[in-house]
Amino acid sequence: MYDIKALYEAASVEDAVRLLQEHPEAQIIAGGSDVLVQIREGKRAGVELVSIYGIDAMRGISLDETGAIRIGSLTSFSHIAADPIIREHIPVLGEAVSLVGGPQIRNIGTIGGNTCNGVTSADSASTLFAWDAVIEITGPSGIRRLPIQNFYIKAGKVDLQPAEVQTAIIIPKPAYESYHGNYIKYAMREAMDIANLGCSVNVSLSDDKKTIRDARIAYGVAGPIPMRAATAEAAAKGQAVSAETVNAFAKAVLSDIHPRDSWRAAKAFREHIAVEMAKRALTKSIQLAGGEVCE
5 MYDIKALYEA
15 ASVEDAVRLL
25 QEHPEAQIIA
35 GGSDVLVQIR
45 EGKRAGVELV
55 SIYGIDAMRG
65 ISLDETGAIR
75 IGSLTSFSHI
85 AADPIIREHI
95 PVLGEAVSLV
105 GGPQIRNIGT
115 IGGNTCNGVT
125 SADSASTLFA
135 WDAVIEITGP
145 SGIRRLPIQN
155 FYIKAGKVDL
165 QPAEVQTAII
175 IPKPAYESYH
185 GNYIKYAMRE
195 AMDIANLGCS
205 VNVSLSDDKK
215 TIRDARIAYG
225 VAGPIPMRAA
235 TAEAAAKGQA
245 VSAETVNAFA
255 KAVLSDIHPR
265 DSWRAAKAFR
275 EHIAVEMAKR
285 ALTKSIQLAG
295 GEVCE
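Residue 5 is where the sequence shown starts when you use my numbering, and the numbers rise one by one after that.
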């Protein structure tokens, strides 16, 4: 039984903004894989919904004139994983979203819904943090864009103002060109489970593959929102590709992350696996970039 007061279907982004202005208490629904479950559980009883699922302009992946990758917010996880642009330039994002739920969820669930939930465990979020993603938002005042780090405000809350719709996620060309990445999800089960910790790393190497030009690392479930580990990134940047650098990078993450105790995992355990995941993900990223970690 779904206790829904009213459902309005938007025909376009502009129509969605108009409907949200006319019905200020209404909430957006896209694929519905999260919203419908919450309604059924009574958490959103009597809700008004604005469905944006029929807005095809918000689907698909493309390269713009600057080389930036544009991912429409209604693009499903399955579409992202299979898309040739993603596979060529940032295959790790496809690998990360392939770990979301089961096939049915991946077919209906959208990357916009995954990020707009504001939860730290979203498999796409930490990977997008590591790729310096930019969130595009459309509202009554037009379009605004902000770094994904600024989009997340606190657990379960993102920077969407009244009558605004997240319309796309953009990966600028400088954020992905010459970078290679790896995502690791730790969960109690291999499938259809929420991450106890997620770790996404990408790296850019020098032409001779001997030096780390740049490294980025982001975590999910290491704090109330997804987060970058800036201390670890600084520890690797400009350093030789070596086991010593990888170990220093991995240990440095403890200066930045803030995991907590929960029924899923203890804080100490999350800290332990955070270090190991950083080590493995950086090593794999270096290998994907054509380098070799030497002892």
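Backbone N, C-alpha and C fix where the C-beta goes; we use that ideal spot for every residue, glycine too.
As the structure is a prediction and not an experimental result, all values here were calculated from the model.
Could you tell me the boundaries of the alpha helix (DSSP H) in which residue i lies?
i    : result
E52  : No alpha helix (DSSP H) holds E52; the beta strand (DSSP E) holding it covers 51-55.
Q153 : 152-155
T119 : 115-120
S2   : Residue numbering for the chain in the displayed model covers 5 to 299; residue 2 lies beyond these limits and cannot be assessed.
N200 : Element bounds for N200: n/a, residue is neither H nor E.
D19  : 17-26
L103 : Counting along the chain, L103 falls outside any alpha helix (DSSP H), and DSSP gives it neither H nor E.
K255 : 247-256
R44  : 39-44
A236 : 234-240
Nearest-angstrom Cα distance between residue i and residue j?
i    : j    : result
R149 : V54  : 22 Å
L103 : S130 : 13 Å
T287 : S37  : 35 Å
A126 : T119 : 7 Å
D60  : N121 : 21 Å
W135 : Q25  : 33 Å
K214 : D260 : 27 Å
I216 : A233 : 16 Å
Y180 : F155 : 20 Å
Y190 : I157 : 24 Å
K271 : G50  : 38 Å
D218 : L67  : 24 Å
S289 : A226 : 21 Å
L11  : Q31  : 10 Å
G106 : R91  : 20 Å
A256 : A238 : 9 Å
A15  : G113 : 19 Å
I276 : D163 : One point to set straight first is that residue 276 is His, not Ile, in the sequence displayed. Their backbone Cα atoms lie some 32 Å apart in a straight line.
Over what stretch of residues does the beta strand (DSSP E) that includes residue i continue unbroken?
i    : result
E140 : 138-143
D127 : Where D127 is concerned, there is no enclosing beta strand (DSSP E), although the alpha helix (DSSP H) it sits in stretches over 127-134.
A278 : Note, A278: premise wrong, no beta strand (DSSP E); alpha helix (DSSP H) at 271-292.
V169 : 169-175
E13  : 8-13
I33  : 31-33
L337 : Nothing can be reported for residue 337: it is not among the residues displayed for the chain, which extend from 5 to 299.
K189 : 184-190
What do you get for residue i, buried or exposed, if any count of 16 or more other CB atoms within 10 angstroms of its CB means buried?
i    : result
E99  : buried
N186 : buried
M62  : buried
T79  : buried
Q108 : exposed
M192 : exposed
V138 : buried
K283 : buried
Y6   : exposed
H184 : buried
G71  : exposed
Below 8 Å on the Cβ atoms is my guess for residue i versus residue j; work out the distance and round it to an integer in Å.
i    : j    : result
V245 : G295 : 5 Å
Y223 : A278 : 7 Å
V96  : N200 : Wrong, their Cβ atoms sit about 20 Å apart, outside the cutoff.
F133 : V101 : About 14 Å; that fails the 8 Å criterion.
V169 : I141 : 7 Å
With respect to 6 Å, is the separation between the Cβ of residue i and the closest non-hydrogen atom of the ligand MN below this value?
i    : result
R149 : This structure does not include the ligand MN; it has no bound ligands of any sort.
* Asked: Is the segment 9-21 in contact with the segment 53-73, if contact means three or more CB pairs nearer than 8 Å?
  -> yes
* the segment 164-174 contacting the segment 63-80, beta-carbon criterion three pairs below 8 Å -> Flag = yes, the segment 164-174 and the segment 63-80 touch.
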